[in-house]
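**Q** Listed in order, the protein sequences are those of chains A and B. The letter at position 63 of the first sequence is residue 63 when you use the working numbering, and the numbering goes up by one with no holes. The letter at position 20 of the second sequence is residue 20 when you use the working numbering, and the numbering goes up by one with no holes. Let me give you the structure first, and then I'll get to my questions.
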Amino acid sequence: MGSPCAFKLYHPDQTVLDRAVKMAQQEVLRLEKKYSRFLATSDLSVINKQAGGDPVLVDDETAGLLNYAAMCFELSDGLFDITSGVLRRIWDFSSSNLPSQQQLDDILPRVGFDKIHWDGQKVTLPNNMEIDLGGVVKEYAADCARQVLLNNDITHGLVDLGGDICVVGCQPGDQPWLMGVRDPECPNQAAVTIPLMSGAIATSGYYERFMVVDGQRYCHIINPKTGWPVQFCATVAVVSSRCLVSGSLATIGMLKQQDAVSWLTSQEATFFLQDAQGQCFGTLAGPNKAAKP
Amino acid sequence: MVKPREAAVAVTKMLNKSSALSALTLSAMAIPGMSNAAVAPENKTLSVRYTQYQEEDMPQERVVGVNTQRYSIDVLQVRYFTPVDEKYSLDTSVQYETLSGASPYDNTLNSNGQTVVNLSGATIEETRVDASVAGTRYFKEGTLSSSVYVSKENDYQSLGLGLSGSLEINQKHTTLLGSISTSFDELSPTPLGSTLTGARLAADGQSKRSLSIYEGVTQVLNKFSTVQVGIGYTRLSGYLSDPYRSADRRPDTREQTTVTAQYRHYLTQMGVAWHLDYRFYQDDWGVLANTVTSSVWKDVDVFGLHITLAPNVRYHWQHAADFYTLAPTGDRSGDYYSDDFRLSAYGAISVGIDMQYHHKDVVFNLGFSQYNSAENWGLTGSQDTETPALVNFTTLSLGVDYHF
Numbered sequence: 001m002g003s004p005c006a007f008k009l010y011h012p013d014q015t016v017l018d019r020a021v022k023m024a025q026q027e028v029l030r031l032e033k034k035y036s037r038f039l040a041t042s043d044l045s046v047i048n049k050q051a052g053g054d055p056v057l058v059d060d061e062t063a064g065l066l067n068y069a070a071m072c073f074e075l076s077d078g079l080f081d082i083t084s085g086v087l088r089r090i091w092d093f094s095s096s097n098l099p100s101q102q103q104l105d106d107i108l109p110r111v112g113f114d115k116i117h118w119d120g121q122k123v124t125l126p127n128n129m130e131i132d133l134g135g136v137v138k139e140y141a142a143d144c145a146r147q148v149l150l151n152n153d154i155t156h157g158l159v160d161l162g163g164d165i166c167v168v169g170c171q172p173g174d175q176p177w178l179m180g181v182r183d184p185e186c187p188n189q190a191a192v193t194i195p196l197m198s199g200a201i202a203t204s205g206y207y208e209r210f211m212v213v214d215g216q217r218y219c220h221i222i223n224p225k226t227g228w229p230v231q232f233c234a235t236v237a238v239v240s241s242r243c244l245v246s247g248s249l250a251t252i253g254m255l256k257q258q259d260a261v262s263w264l265t266s267q268e269a270t271f272f273l274q275d276a277q278g279q280c281f282g283t284l285a286g287p288n289k290a291a292k293p
Numbered sequence: 001m002v003k004p005r006e007a008a009v010a011v012t013k014m015l016n017k018s019s020a021l022s023a024l025t026l027s028a029m030a031i032p033g034m035s036n037a038a039v040a041p042e043n044k045t046l047s048v049r050y051t052q053y054q055e056e057d058m059p060q061e062r063v064v065g066v067n068t069q070r071y072s073i074d075v076l077q078v079r080y081f082t083p084v085d086e087k088y089s090l091d092t093s094v095q096y097e098t099l100s101g102a103s104p105y106d107n108t109l110n111s112n113g114q115t116v117v118n119l120s121g122a123t124i125e126e127t128r129v130d131a132s133v134a135g136t137r138y139f140k141e142g143t144l145s146s147s148v149y150v151s152k153e154n155d156y157q158s159l160g161l162g163l164s165g166s167l168e169i170n171q172k173h174t175t176l177l178g179s180i181s182t183s184f185d186e187l188s189p190t191p192l193g194s195t196l197t198g199a200r201l202a203a204d205g206q207s208k209r210s211l212s213i214y215e216g217v218t219q220v221l222n223k224f225s226t227v228q229v230g231i232g233y234t235r236l237s238g239y240l241s242d243p244y245r246s247a248d249r250r251p252d253t254r255e256q257t258t259v260t261a262q263y264r265h266y267l268t269q270m271g272v273a274w275h276l277d278y279r280f281y282q283d284d285w286g287v288l289a290n291t292v293t294s295s296v297w298k299d300v301d302v303f304g305l306h307i308t309l310a311p312n313v314r315y316h317w318q319h320a321a322d323f324y325t326l327a328p329t330g331d332r333s334g335d336y337y338s339d340d341f342r343l344s345a346y347g348a349i350s351v352g353i354d355m356q357y358h359h360k361d362v363v364f365n366l367g368f369s370q371y372n373s374a375e376n377w378g379l380t381g382s383q384d385t386e387t388p389a390l391v392n393f394t395t396l397s398l399g400v401d402y403h404f
């Protein structure tokens with residue numbers, strides 16, 4: 001998944017543990033393989049290669065993810081867009097070079113979930129467009145791994161896929177897991193610590209990948225409508241019953257910028273938001289607030 | 001067809017509070033991987049296992065004749081387990097067994113008035129092949145399996161059929177288990193010399209049937225312990241005597257009842273999983289048996305290798321069958337009689353250790369156990385009757401499992 005992944009599990013029987021870990025690992029690897037942008041044979045690459053061509057019939061799982069992505073696009077008024085991956089081609093965060101307006105104008109027509117045709121079974125991409133499920137698959141994989149662990153008799157543990165964390169069950173002794181949300185200014189410190197008994201937490205932040213040009217920070221979360229990185233939020237962490245939901249709400253929060261706090265609040269999200277000025281908002285703001293997804 | 005985007009909006013509108021949280025959760029739950037369905041295993045397993053079973057020689061003074069060697073059995077087992085589609089799995093295994101050595105067929109009294117054993121003179125060399133196939137279907141809340149088993153050796157063949165299922169209830173804290181199985185066996189004893197005579201002739205072509213039922217329940221007690229209790233009933237019918245014994249006459253039905261309990265406890269501070277199993281057995285031949293097995297599973301680092309060690313100990317004792325006798329062959333009377341040591345009163349202790357070493361997708365297994373038995377080791381039901389044929393044996397097993 002391109003980031004450190006960990007399972008923390010408790011079970012009295014080592015053989016049960018070994019089997020559970022193995023199965024959960026396989027589930028994560030299965031999804032990584034299926035939705036990798038880098039593997040030419042992945043289901044995702046097959047869809048992208050057909051851009052401008054015939055419709056591609058997808059399986060139930062991909063259909064579920066595309067439906068979910070469609071829902072995110074709708075609910076975020078077009079901010080959460082799985083077709084925005086092409087913007088990476090003009091935003092090189094290792095270069096310290098901003099793209100030109102001409103580049104932006106050229107590429108923006110290739111972005112827009114409403115331009116693709118998705119009928120619930122078959123997807124057709126217009127020429128030069130592509131979809132990227134990177135924004136949902138890691139979180140979905142964490143949920144699936146959790147489900148696999150539950151099916152393999154694990155009742156205490158957590159799944160951590162690069163900071164997207166699913167609780168399988170509280171720690172032995174009815175103890176919650178303590179989740180630190182990284183302080184955007186001091187990434188080795190926690191801005192807030194959230195005790196979790198169940199559910200999932202996902203975090204999005206402007207510290208993950210960015211460049212600074214003329215004192216201005218440009219992060220990897222890009223508004224698909226303007227083609228420019230978002231500014232307002234430093235980090236958004238969301239707790240819900242599913243990692244996938246937490247992850248997309250956190251990302252939408254980042255994309256909403258100044259409207260993030262009011263939007264997340266109106267959507268009944270359990271969240272922590274720290275803006276670029278260091279101000280904290282949300283139901284989880286403040287030290288050691290208990291979170292109930 | 002309603003377009004998903006329209007559906008998304010519709011769903012959102014349906015929710016009283018147009019909350020993205022609810023709508024997204026609903027949409028997320030519709031993706032297959034999120035569902036609760038019992039997921040069939042996704043990895044295949046190929047296992048090869050070799051087991052060496054060696055019975056200790058009998059003491060010379062308790063044997064008639066010079067041969068004191070008993071059975072030695074080598075077993076090679078190959079097992080292949082594979083998922084089929086997303087909801088099924090297939091478990092196949094083939095076992096090849098070679099047996100050599102001698103077995104007790106009779107008792108007599110020596111000049112000191114001690115019972116001594118007649119071991120079959122000629123060393124037996126036999127092979128047995130068996131194969132089994134089991135298919136399992138995984139449901140949302142349980143499993144259903146069926147199995148077929150065939151076994152063939154030169155003087156015995158067996159066909160078995162089984163059906164078993166499990167059902168998870170009470171938020172997966174309780175699992176109900178049930179199974180039913182039946183077998184059809186046919187005897188074709190080997191002749192002693194060139195012609196089939198006596199008990200061997202009587203047994204030739206005879207058959208044996210069994211029907212077994214098991215009901216059990218597994219309960220998660222708390223996060224450190226689980227318990228499984230079960231009750232089983234087996235009815236055997238047909239030719240149940242041993243044609244290789246000089247004077248062996250047993251009833252043609254046998255009803256067996258077992259009650260089992262398995263307890264698993266995880267000791268957090270020691271990092272040890274403790275297994276304690278108890279089995280009570282009683283049949284209408286008068287045999288009553290108790291078996292207690294305990295093992296601990298612990299991960300240790302030995303020379304930098306991460307190894308799982310599982311030392312175990314088992315204690316078994318039983319009461320004799322009503323018709324067990326050591327009376328000299330010619331003096332046996334009554335409807336039924338047998339001097340089979342397995343129907344005698346005795347106690348047995350076995351001590352062993354299993355080791356597992358994982359390396360990537362391969363698991364290496366090594367197991368050793370020593371079994372000893374004696375007439376007077378039973379806690380209850382022991383008798384003064386000698387049972388010179390009681391056996392001591394060692395078992396050594398080596399195995400490799402490859403998961404892919």
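Beta carbons: idealized from backbone N, C-alpha and C, even for Gly.
What does the alpha-carbon distance come out to for the pair Leu-255/A and Thr-265/A?
**A** Straight-line Cα distance between these residues: approximately 15 Å.
**Q** Beta-carbon of Pro-243/B versus every beta-carbon of chain A: anything under 7 Å?
**A** So, not an interface residue.
**Q** Cβ closer than 8 Å: which chain A residues qualify as neighbours of Pro-32/B?
**A** Correct list: Asp-60, Glu-61, Gly-64.
**Q** Assuming Tyr-266/B and Ile-307/B form a contact by the criterion Cβ under 8 Å, report the distance between their Cβ atoms to the nearest whole angstrom.
**A** About 19 Å; that fails the 8 Å criterion.
**Q** For Gln-258/A, collect the residues of the same chain with a Cβ closer than 7 Å to its Cβ; drop the 5 residues on either side in sequence, then sort them by chain order.
**A** So the qualifying residues of the chain are Phe-232.
**Q** Report the option in Val-46/A, Ala-250/A, Gly-64/A whose CA atom is closest to the CA atom of Val-56/A.
**A** When only C-alpha atoms are compared, the closest one is Val-46/A.
**Q** State yes or no: is the C-beta of Leu-366/B within less than 7 Å of the C-beta of Met-355/B?
**A** Yes, the pair counts as a contact, with Cβ atoms nearer than the cut-off.
**Q** Mark Lys-34/A as exposed unless 16 or more other C-beta atoms lie within 10 angstroms of its C-beta, in which case mark it buried.
**A** Lys-34/A comes out buried.
**Q** With respect to 6 Å, is the separation between the Cβ of Val-213/A and the closest non-hydrogen atom of the ligand MN below this value?
**A** Judged by which ligands are present, the structure shown has none, so any question about the ligand MN falls away.
**Q** What's the call for Asp-248/B, buried or exposed, on a 16-neighbour Cβ count within 10 Å?
**A** Buried, by the Cβ-count rule.
**Q** For Tyr-71/B and Pro-59/B, what's the separation of their Cα atoms in angstroms?
**A** Spanning the two alpha carbons is a distance of roughly 14 Å.
**Q** DSSP on Gly-162/A, reduced to helix/strand/coil?
**A** Here Gly-162/A sits in coil by DSSP.
**Q** Going along chain A in order, which residues have a C-beta closer than 9 Å to the C-beta of Arg-264/B?
**A** Near Arg-264/B (Cβ distances below 9 Å), the residues of chain A are Pro-12, Asp-13.
**Q** Between the alpha carbons of Ala-37/B and Lys-172/B, how many angstroms are there, rounded?
**A** Unreliable placement is indicated for Ala-37/B, whose pLDDT of 48 sits below 50; the coordinate value is still reported in the next sentence. Taking the straight line from one Cα to the other gives about 12 Å.
**Q** Do the region 151-163 of chain B and the region 103-121 of chain B make contact, defined as three or more Cβ pairs closer than 8 Å?
**A** No, the region 151-163 of chain B does not touch the region 103-121 of chain B.
**Q** Checking contacts by CB at 7 Å: is Met-211/A closer than that to chain B?
**A** For Met-211/A, the answer is no, since every Cβ of chain B falls outside 7 Å of its Cβ.
**Q** Start and end of the alpha helix (DSSP H) containing Trp-177/A?
**A** First-last for Trp-177/A: 177-182, but that is the beta strand (DSSP E), not the alpha helix (DSSP H).
**Q** Chain A beta carbons: is any one of them nearer than 7 Å to that of Ala-28/B?
**A** By this cut-off, Ala-28/B is an interface position.
**Q** Less than 7 Å between the C-beta atoms of Gly-199/A and Val-239/A, yes or no?
**A** The answer is yes: Cβ separation under 7 Å.
**Q** Using beta carbons (cut-off 7 Å, strictly below), is Leu-244/A in contact with chain B?
**A** It does: the Cβ of Leu-244/A has a partner Cβ on chain B nearer than 7 Å.
**Q** On the DSSP bridge assignment, give the partners of Met-355/B in chain order.
**A** DSSP, once it has assigned bridges, lists Leu-309/B, Leu-366/B as partnering Met-355/B.
**Q** Quick check on the DSSP output: the beta strand (DSSP E) that includes Val-28/A runs from which residue to which?
**A** Per DSSP, Val-28/A belongs to no beta strand (DSSP E); it is in the alpha helix (DSSP H), 14-34.
**Q** If we ignore side chains and look at the alpha-carbon of each, how far apart do Gln-206/B and Leu-187/B end up?
**A** Distance between the alpha carbons of Gln-206/B and Leu-187/B is about 6 Å.
**Q** Express the C-alpha separation of His-319/B and Ala-6/A in angstroms, rounding to a whole number.
**A** Taking the straight line joining both Cα atoms gives about 54 Å.
**Q** To the nearest angstrom, how far is it from the Cα of Asp-299/B to the Cα of Ile-349/B?
**A** Each residue's alpha carbon lies about 25 Å from the other.
**Q** Could you tell me whether the Cβ atoms of Arg-242/A and Ala-23/B are closer together than 7 Å?
**A** For Arg-242/A and Ala-23/B, no; Cβs fall outside 7 Å.
**Q** Output the boundary residues of the alpha helix (DSSP H) element that contains Met-254/A.
**A** First-last of the alpha helix (DSSP H) with Met-254/A: 243-256.
**Q** Return helix, strand or coil for Ala-8/B, following the three-state DSSP convention.
**A** With a pLDDT of only 39 at Ala-8/B, under 50, the local geometry of the prediction cannot be trusted, and the value read off the model is given with reservation. Residue state, collapsed to three classes: helix.
**Q** Compute the beta-carbon to beta-carbon distance between Arg-37/A and Gly-134/A, rounded to the nearest angstrom, for a pair I have assumed lies under 8 Å.
**A** Sure, about 7 Å apart at Cβ, within 8 Å.
**Q** Quick check for students: name the residue ranges of the alpha helix (DSSP H) that lie wholly in the region 87-146 of chain A, counting only runs of 4 or more.
**A** Entirely contained in the region 87-146 of chain A, the alpha helix (DSSP H) runs reaching 4 residues are, in chain order, 101-107.
**Q** Does the beta carbon of Ser-19/B sit closer than 7 Å to a beta carbon anywhere in chain A?
**A** Closer than 7 Å to some Cβ of chain A, the Cβ of Ser-19/B qualifies, so yes.
**Q** Which of the residues in the region 263-276 of chain A, read from start to end, lie with their CB under 9 Å from any CB of chain B?
**A** Flagged, chain order: Trp-263, Leu-264, Ser-266, Gln-267, Glu-268, Ala-269, Thr-270.
**Q** Can you name, in chain order, every residue of its own chain whose Cβ lies under 8 Å from the Cβ of His-156/A, other than the five neighbours on each side?
**A** Leu-9, Tyr-10, His-11, Val-168, Gly-169, Cys-170, Gln-171, Pro-172, listed in sequence order.
**Q** Residues of chain B with CB closer than 8 Å to the CB of Cys-144/A, please, in chain order.
**A** Those are Gly-33, Met-34, listed as they occur along chain B.
**Q** Give me the DSSP bridge partner(s) of His-403/B.
**A** In the DSSP output, where bridge partners are listed per residue, His-403/B has Thr-45/B.
**Q** His-316/B: buried (16+ other C-beta within 10 angstroms of its C-beta) or exposed?
**A** Under this definition His-316/B is a buried residue.
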